[in-house]
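Peer 1:
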Amino acid sequence: MRTVLFLLSALAVIGSGYWAYHENYQTQDELDRVDALRRDIGQAHERMAMLRAEWAYLNRPDRLRDLADLNFARLGLLPLRPDHFADVDQVAFPPPPNLVEFSEPIDVTSAGAPKP
Amino acid sequence: MNRTPLRPLARVLEAREKGENPDNIEKENRRLRHEEMRDTSRLRAEGRLLVLGVMFFCAFGVIGARMGTIAASEAEEPRAAATGSPVVTSRADIVDRKGRVLATNMSTYSLYAHPQQMIEPDRAAQELGRIFPDIDVPALAARFNDPKRKFAWVRRSISPEQRQAVHDIGEPGLLFGPREMRLYPNGAIASHILGGTRFGVEGVHSAEIVGSAGLEKFMDERLTDTKRDGAPLELSIDLTVQAVSEEVLDAGMKLLNAKGAASVLMDVKTGEVISLVSLPDFDPNDRPNPLTEGNASDSPLFNRAVQGVYELGSAFKIFTAAQAMQLGLVNPNTVIDTKPPMKVGGFRIGEFQNKNYGELTVEEVIVKSSNRGTGKMALAIGVARQQEFLRNLGFFDPTPLEIVEAKGGKPLLPKKWTDLSAVTISYGHGISTSPLHLAAGYAAIANGGRAVEPTLLKQNGPQMGMQIMDPQSAAAARLMLRKVVTEGTASFGEVPGYHVGGKTGTADKPKERGGGYYDDKVIATFATIFPAHDPKYALVVTLDEPVETSGEKPRRTAGWTAVPVAAEMIGRIAPLLGLRPEFKRGQLETIVQTSN
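Listed in order, the protein sequences are those of chains A and B. Residue 1 is where the first sequence starts when you use the working numbering, and the numbers rise one by one after that. Residue 1001 is where the second sequence starts when you use the working numbering, and the numbers rise one by one after that.
(1) Hey, which unbroken runs of the beta strand (DSSP E) at 3 residues or more fall wholly within the segment 1517 to 1594 of chain B?
(2) Which same chain residues, not among the five before or five after TRP1417 of chain B, have their C-beta less than 7 Å away from its C-beta?
(3) Looking at the unbroken alpha helix (DSSP H) that takes in VAL1273 of chain B, where does it start and where does it end?
(4) Roughly how many angstroms separate the alpha carbons of LEU1223 of chain B and ARG1182 of chain B, rounded to a whole number?
(5) Spell out whether any CB of chain A is found under 9 Å from the CB atom of ALA1531 of chain B.
(6) For SER1110 of chain B, which beta-bridge partners are listed by DSSP?
(7) Note down, in chain order, every chain B residue with its Cβ under 8 Å from the Cβ of PHE72 of chain A.
(8) Quick one: what's got a C-beta closer than 6 Å to VAL1117 of chain B's C-beta in the same chain, skipping five residues either side?
(9) If we cut at 9 Å on Cβ distances, does ASN24 of chain A have a partner in chain B?
(10) Between B:ASN1371, B:LYS1368 and B:SER1434, which lies nearest to SER1297 of chain B when the distance is taken from Cα to Cα?
(11) For chain B, check one thing: does any of its Cβ atoms lie closer than 9 Å to the Cβ of TRP55 of chain A?
(12) Using 9 Å as the limit for Cβ to Cβ distance, is LEU1265 of chain B near chain A?
(13) For GLU1161 of chain B and chain A, any beta-carbon pair shorter than 9 Å?
(14) Count the other CB atoms within 10 Å of the CB of PRO1284 of chain B; is the residue buried (16 or more) or exposed (fewer)?
(15) Tell me ASP1267 of chain B's beta-bridge partners as DSSP assigns them.
(16) For LEU1588 of chain B and chain A, any beta-carbon pair shorter than 9 Å?
(17) Going along the chain, which residues of its own chain have a beta-carbon closer than 6 Å to the beta-carbon of VAL1541 of chain B, five neighbours each way excluded?
(18) Helix, strand or coil: which one does DSSP assign to GLY15 of chain A?
(19) Check the Cβ-Cβ distances between LEU37 of chain A and every residue of chain B, and say whether any is below 9 Å.
(20) Is it buried or exposed, PHE93 of chain A, if we count other Cβ atoms within 10 angstroms and call 16 or more buried?
(21) Apply the 10 Å Cβ neighbour rule to TRP1560 of chain B and answer buried if 16 or more other Cβ atoms are within range, or exposed otherwise.
(22) Given this structure, state the Cα-to-Cα distance separating ARG1100 of chain B from ARG63 of chain A, to the nearest angstrom.
(23) Measuring CB to CB, does PHE1389 of chain B end up less than 9 Å from PHE1319 of chain B?
(24) GLN1467 of chain B by DSSP, collapsed to three states: which one?
(25) Give the straight-line distance between the Cα atoms of TYR25 of chain A and LYS1227 of chain B, rounded to the nearest whole angstrom.
(26) Give me the DSSP bridge partner(s) of LEU82 of chain A.
(27) Please tell me whether ASP83 of chain A has its Cβ less than 9 Å away from any Cβ of chain B.
(28) Classify LEU1360 of chain B as helix, strand or coil using the three-state DSSP reduction.
(29) Per DSSP, what are the beta-bridge partners of VAL1101 of chain B in this structure?
(30) Just to check, is the beta-carbon of LYS1217 of chain B closer than 8 Å to a non-hydrogen atom of the ligand SAH?
(31) Are there three or more Cβ pairs, one per stretch, closer than 8 Å when the segment 1438 to 1457 of chain B is compared with the segment 1521 to 1537 of chain B?
(32) Short of 6 Å in beta carbon distance, which residues of its chain neighbour VAL1268 of chain B, apart from the five on each side in sequence? Order them along the chain.
(33) Relative to the C-alpha of TYR1498 of chain B, which candidate in B:LYS1509, B:GLN1307, B:THR1486 and B:ASP1508 has its C-alpha closest?
(34) Counting only beta-carbon separations shorter than 9 Å, does LEU80 of chain A have a partner in chain B?
(35) Return the CA-CA distance between ALA1597 of chain B and GLY1465 of chain B, expressed in angstroms with no decimal places.
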């Protein structure tokens, strides 16, 4: 009985030691991963700031105005003016869809229909 | 354990035979047993003490060793602790009211040299001179060849292309350090508001960015506050409106041959400055140096809208009329005799082009812009009350705008405020204020009589400032301003749909060296509120020395110069501000038949 108990406790010590080392290594790995992630986040932040600056630079009003002037033939963009506003009842209704009119009898074929 | 009996029979019998007391044997044995017991318990106690001592020694030893290692080792951040966001060390961005970037940071590189590591210092200097044309090559070569020098700056910040070019020189003594640079992506737009930055304390690995002018300097602490986690600073400026205002004002300035121009657009309830333009302007990314000689106000760095104090002329008349109505001295239909002569303090008060308007109602005094009419109202108001009113409107102090230059815009007031001063000030002469002051004053009329302080920061609600005139007087004043546009001096100011109301002001420029006024140099101002029946915005447009040359003789009055520019500006910016034009039916598009 005592030998069994002794063996069991020895096994328990070995097991807990293994578990503790295992947890420790896993923690170290996780911490390394967190460090890497943090570095990535930092780089992403920097890249984001750069892209925001670039976006702001490309969207600067002077450039947009020049582009709108250059592409006037294609886009027809004009500065917004008071006379561009209108009431709802000044907007024309969309034209009615073109209906095909037929009064004569016509032949109907089932050619090309999926076979039952 | 076998215990020795206290009274062993053999010895008791032996003692009885000898006639001794057998109790002595028991006593002796008891003594021996007690001694034995004492010895064992002492031994046990000593053992326990030893164990305890060792334990304490180990515990304190561990603590001491830990303290020692902590004290001796390098500090390191806890890796496992869950920090929310890393500490933000860079300067906060500045964004407009809709979140568009006005100022941000960009990481670039600085370029420095370690002359002792250089292989070919002369060639390196020459190559650098090719990359950076403004570099002084002989001076740089001399610094590279100086044996005592261990370190030399070459460039504070360089672009990635320049960095590659420097790499291609292949000189091991040229080194790069990381650098943050302040970037203003919109170029010259809002340059006078933003100001500029420079490098403060510089190291090889980083440099501090400090504001050198404008908002950047005023808000330095807020922008570098790490507690705010890099949250951008939101301004009341609207980038689109600002850009359009600059475009229109620039075109107007060139068309009218003006040497400078300024405009201020303000929300009348919140005091938010939506756009603030001063021309000529500059690129804050490459801030020019201040002028070392001549007049500082000729520099593009000079902010005409805030720093420039000018006599703004007749635009002031509405304040006199509003106060006179507020005090119950007049109503819009009170008739005032404006016939000459009118003399105050021995000084003759004249009209524009020596006109004689005869008898005018108060409303017509404003519409026709009669100096004598407003002068008479000012005399009725009196000096003390006029001063108090103007002080409440903010005309006595520099504007509290959040840029460092605002402190420089201190109004010029007469040293002795006589009756004559009261009369001239009533039509805007003898008092010099910035266009921003005027916009704040008009905003008070527009919002129903509450004083507002102009601000550049986005606000959440209206400023409930001091009530300095009752809503009825303010409404009557607004009606007069509207009539100036519909039937008075500012007829070019009509923008269909927006019911513009405003007052022109044309003031001769005083000579810099004193001694009167120029005949042919004016400051033309148009101060407006729109829409006049329910004003949302106040706009002031000021042109410096404009002249309109389409007629037979040059015209300089505000009605011909500042007013058309302001009207064009309102037509462009009001739709952008989300104001819906209100047209009467049939007003929109009409064809009028004409013949020659």
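Idealized CB from N, CA, C, for every residue including glycine.
Peer 2: Checking against the coordinates, here is how it stands:
(1) Along the segment 1517 to 1594 of chain B, the beta strand (DSSP E) occurs as fully enclosed runs of 3 or more residues at 1517 to 1530 and 1537 to 1544, listed in sequence order.
(2) Residue numbering aside, residue 1417 of chain B sits at position 417 when the second sequence is read from its first letter. The residues are VAL1383 and GLN1387.
(3) As a first step, residue 1273 of chain B must be located in the second sequence, where it is residue number 273. That residue, VAL1273 of chain B, is in no alpha helix (DSSP H); its beta strand (DSSP E) goes 1273 to 1279.
(4) For the purposes of this step, residue 1223 of chain B is taken as the residue at position 223 of the second sequence. For the purposes of this step, residue 1182 of chain B is taken as the residue at position 182 of the second sequence. Roughly 12 Å separates the two Cα atoms.
(5) Taking the second sequence and counting its residues from 1, the one referred to as residue 1531 of chain B is at position 531. Sequence inspection shows Pro at residue 1531 of chain B; the Ala mentioned does not correspond to that position. No, because no Cβ of chain A sits closer than 9 Å to the Cβ of PRO1531 of chain B.
(6) Numbered from its first residue, the second sequence carries residue 1110 of chain B at position 110. Residue pairing by DSSP places SER1110 of chain B opposite B:GLY1177 in a beta bridge.
(7) The residue labelled residue 72 of chain A in the question sits at position 72 within the first sequence. None at all; the shortest Cβ gap to chain B is about 16 Å.
(8) As a first step, residue 1117 of chain B must be located in the second sequence, where it is residue number 117. Reading off the sequence shown, one finds Gln at residue 1117 of chain B, where the question assumed Val. Contacts found: PRO1172 and GLY1173.
(9) Within the first sequence, the letter at position 24 stands for residue 24 of chain A. Not an interface residue.
(10) Counting from one through the second sequence, the residue named residue 1297 of chain B turns up at place 297. Taking only the C-alpha atoms, the option nearest SER1297 of chain B is B:SER1434.
(11) Residue numbering aside, residue 55 of chain A sits at position 55 when the first sequence is read from its first letter. Yes, TRP55 of chain A counts as interfacial toward chain B.
(12) As a first step, residue 1265 of chain B must be located in the second sequence, where it is residue number 265. No - not a single Cβ of chain A is within 9 Å of the one on LEU1265 of chain B.
(13) For this step, residue 1161 of chain B is matched to residue 161 along the second sequence. It does not: the Cβ of GLU1161 of chain B has no partner Cβ on chain A nearer than 9 Å.
(14) The count along the second sequence starts at 1 and reaches residue 1284 of chain B at position 284. The residue in question, PRO1284 of chain B, is buried, as its Cβ has 16 or more Cβ neighbours within 10 Å.
(15) Taking the second sequence and counting its residues from 1, the one referred to as residue 1267 of chain B is at position 267. Its beta-bridge partners are B:TYR1537.
(16) Here the question's residue 1588 of chain B lines up with position 588 in the second sequence. Residue confidence is low: LEU1588 of chain B scores 48 on pLDDT, short of 50, so the model does not pin down where it sits. Its coordinate-derived value is still stated next. Yes, contact with chain A.
(17) Walking along the second sequence from the start, residue 1541 of chain B turns up at place 541. Counting only Cβ-Cβ distances below 6 Å, and skipping sequence neighbours, we find SER1263, PHE1526, ALA1562, VAL1565 and ALA1566.
(18) Position 15 of the first sequence, counted from the first residue, corresponds to residue 15 of chain A. Helix.
(19) Here the question's residue 37 of chain A lines up with position 37 in the first sequence. Cβ-Cβ to chain B under 9 Å: no for LEU37 of chain A.
(20) As a working mapping, residue 93 of chain A is identified with position 93 in the first sequence. PHE93 of chain A should be labelled exposed.
(21) Here the question's residue 1560 of chain B lines up with position 560 in the second sequence. Label assigned to TRP1560 of chain B: buried.
(22) As a working mapping, residue 1100 of chain B is identified with position 100 in the second sequence. As a working mapping, residue 63 of chain A is identified with position 63 in the first sequence. Those two C-alpha atoms are separated by around 15 Å.
(23) For this step, residue 1389 of chain B is matched to residue 389 along the second sequence. For this step, residue 1319 of chain B is matched to residue 319 along the second sequence. Yes, they are a contact pair.
(24) On the second sequence, position 467 is the one that residue 1467 of chain B refers to. DSSP places GLN1467 of chain B in strand when its eight states are reduced to three.
(25) To locate residue 25 of chain A, count along the first sequence from 1; it is residue 25. To locate residue 1227 of chain B, count along the second sequence from 1; it is residue 227. Distance between the alpha carbons of TYR25 of chain A and LYS1227 of chain B: 36 Å.
(26) Start at 1 with the first residue of the first sequence, and residue 82 of chain A comes out as number 82. For the record, residue 82 of chain A in the displayed sequence is Pro; it is not Leu. Beta-bridge pairing links PRO82 of chain A to no other residue.
(27) Locating residue 83 of chain A in the first sequence gives position 83, where the first residue counts as 1. Closer than 9 Å to some Cβ of chain B, the Cβ of ASP83 of chain A qualifies, so yes.
(28) Residue mapping note: residue 1360 of chain B aligns to position 360 of the second sequence, counting from 1. In the structure shown, LEU1360 of chain B sits in a strand (DSSP, three-state: E or B).
(29) By one-based count along the second sequence, residue 1101 of chain B stands at place 101. Bridge partners of VAL1101 of chain B: B:VAL1095.
(30) What this structure holds is no ligand at all, so the ligand SAH is not there to describe.
(31) yes
(32) Walking along the second sequence from the start, residue 1268 of chain B turns up at place 268. Closer than 6 Å at Cβ, skipping near neighbours: ALA1443, ALA1446, ASN1447, PRO1535 and ALA1538.
(33) What you label residue 1498 of chain B is simply residue 498 of the second sequence in a count that begins at 1. Looking at the Cα atoms, B:THR1486 is the closest of the given residues.
(34) Residue mapping note: residue 80 of chain A aligns to position 80 of the first sequence, counting from 1. For LEU80 of chain A, the answer is yes, since a Cβ of chain B falls inside 9 Å of its Cβ.
(35) Since the first residue shown for chain B is 1001 and the last is 1596, residue 1597 of chain B is missing from the structure and cannot be characterised.
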